[in-house]
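Worksheet: one structure, shown below.
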Amino acid sequence: MKLLLVEDNPDMRTTLQRTFERRGMQVVSCGDGARALDRWRASLPDVVLLDLSLPGLDGLQVLAQARAEALAAPVLILTARGTVGDRILGLNTGADDYLPKPFDLDELEARVRALARRAPGPAAAGMPAPFCGLHIDPDSGSACLHGQPMDLAPRELALLRALLARPGQALARERLSELVFPDHAEVQPDAIEVVAYRLRKKIAGTGAQLVTLRGLGYLLKAAH
10 MKLLLVEDNP DMRTTLQRTF ERRGMQVVSC GDGARALDRW RASLPDVVLL
60 DLSLPGLDGL QVLAQARAEA LAAPVLILTA RGTVGDRILG LNTGADDYLP
110 KPFDLDELEA RVRALARRAP GPAAAGMPAP FCGLHIDPDS GSACLHGQPM
160 DLAPRELALL RALLARPGQA LARERLSELV FPDHAEVQPD AIEVVAYRLR
210 KKIAGTGAQL VTLRGLGYLL KAAH
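Each position in the sequence shown, counted from 1, maps to that position plus 9 in the working numbering.
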């Protein structure tokens with residue numbers, strides 16, 4: 010079993026990593042939200058252990074962006090925030106289970122194994138399905154066309170990844186801006202339009218078309 014452990018406390022992170030590795034699991038760990046998404050995309054974990062209080066992106070932002078990108082590995086939230094409201098917010102954002110700190114290690118392991126048993130395999134859960142030959146490579150996280158890597162800037166890749174998660178469905182400009190510019194609290198309204206314009210040119214001729222829907226956002230559809 011492969012775990013992704015996202016915990017900003019280095020002592021807690023080391024303790025949990027060693028504990029799970031002694032129990033026969035492979036553990037990928039990191040301590041901040043932005044890196045967590047990169048590790049998630051690259052490692053395709055069976056289960057994610059996610060703290061909420063993280064530098065950069067907080068845990069709920071990480072979870073929301075992961076679900077928007079169709080990163081579907083089950084998530085168990087570990088946090089000192091133990092109120093009912095916090096639990097409901099985490100579950101509504103896409104978490105599968107919630108364990109407040111402090112917790113018992115045996116109970117944590119049991120919950121992790123239960124989530125892994127219920128989840129699809131990482132190949133099925135990790136990346137959007139190919140669309141018109143476009144797909145996300147599960148190992149590198151890069152965009153490919155019929156298996157060949159594409160030359161995309163990071164923001165173009167983030168936009169394509171979000172659109173591939175829901176081809177044929179409109180995604181709001183505001184939501185896409187959050188995914189493409191996750192570290193910027195204030196972004197010019199037309200910034201997402203610039204990224205969409207560049208991506209549209211790069212996928213021209215692939216069989217896929219990036220469509221602007223006025224007042225709604227963008228969608229990816231098969232070109233006719």
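Ideal Cβ positions, reconstructed from N, Cα and C, are used throughout, including at glycine.
Being a predicted model, the structure only gives us computed values, none of them experimental.
Report the three-state DSSP secondary structure of residue i (helix, strand or coil).
| i | result |
| --- | --- |
| residue 173 | helix |
| residue 29 | helix |
| residue 131 | Interpretation of residue 131 is limited by its pLDDT of 45, a score under 50 that renders its predicted location unreliable; the figure taken from the coordinates is listed afterwards. In this structure, residue 131 counts as helix in the three-state DSSP scheme. |
| residue 217 | strand |
| residue 152 | strand |
| residue 163 | helix |
| residue 115 | helix |
| residue 17 | coil |
| residue 124 | helix |
| residue 72 | helix |
| residue 80 | coil |
| residue 139 | coil |
With residue i as the anchor, note down where its alpha helix (DSSP H) starts and where it stops.
| i | result |
| --- | --- |
| residue 210 | 200-211 |
| residue 186 | 182-189 |
| residue 38 | Taken as a continuous stretch (DSSP letters only), residue 38 belongs to no alpha helix (DSSP H), being part of the beta strand (DSSP E) at 35-39. |
Check this for me: beta carbons of residue i and residue j, under 8 Å apart or not?
| i | j | result |
| --- | --- | --- |
| residue 212 | residue 173 | no |
| residue 11 | residue 38 | no |
| residue 48 | residue 100 | no |
| residue 177 | residue 210 | no |
| residue 168 | residue 205 | yes |
| residue 63 | residue 17 | yes |
| residue 201 | residue 182 | yes |
| residue 180 | residue 228 | yes |
| residue 161 | residue 154 | no |
| residue 32 | residue 83 | no |
| residue 67 | residue 103 | no |
| residue 60 | residue 125 | no |
Just checking residue i against the ligand FAD - is the residue's beta carbon closer than 7 Å to any of the ligand's heavy atoms?
| i | result |
| --- | --- |
| residue 53 | The model on display carries no ligand, and the ligand FAD is accordingly not part of it. |
At which residues does the beta strand (DSSP E) containing residue i begin and terminate?
| i | result |
| --- | --- |
| residue 47 | Careful: residue 47 lies outside any beta strand (DSSP E), inside the alpha helix (DSSP H) at 42-52. |
| residue 231 | 226-231 |
| residue 85 | 84-88 |
| residue 59 | 56-60 |
| residue 66 | From DSSP, residue 66 is part of no beta strand (DSSP E); its letter is neither H nor E. |
Since residue i sits in a beta bridge, which residues does DSSP pair it with?
| i | result |
| --- | --- |
| residue 158 | 153 |
| residue 110 | BP columns for residue 110 are empty, so no partner. |
| residue 222 | 226 |
| residue 145 | 152 |
| residue 12 | 36, 56 |
Review point. Is the segment 25-32 touching the segment 62-75, taking contact as three or more C-beta pairs under 8 Å?
Key: no
Point to revise | the segment 75-91 in contact with the segment 102-111 per 3-pair CB rule at 8 Å | key: yes
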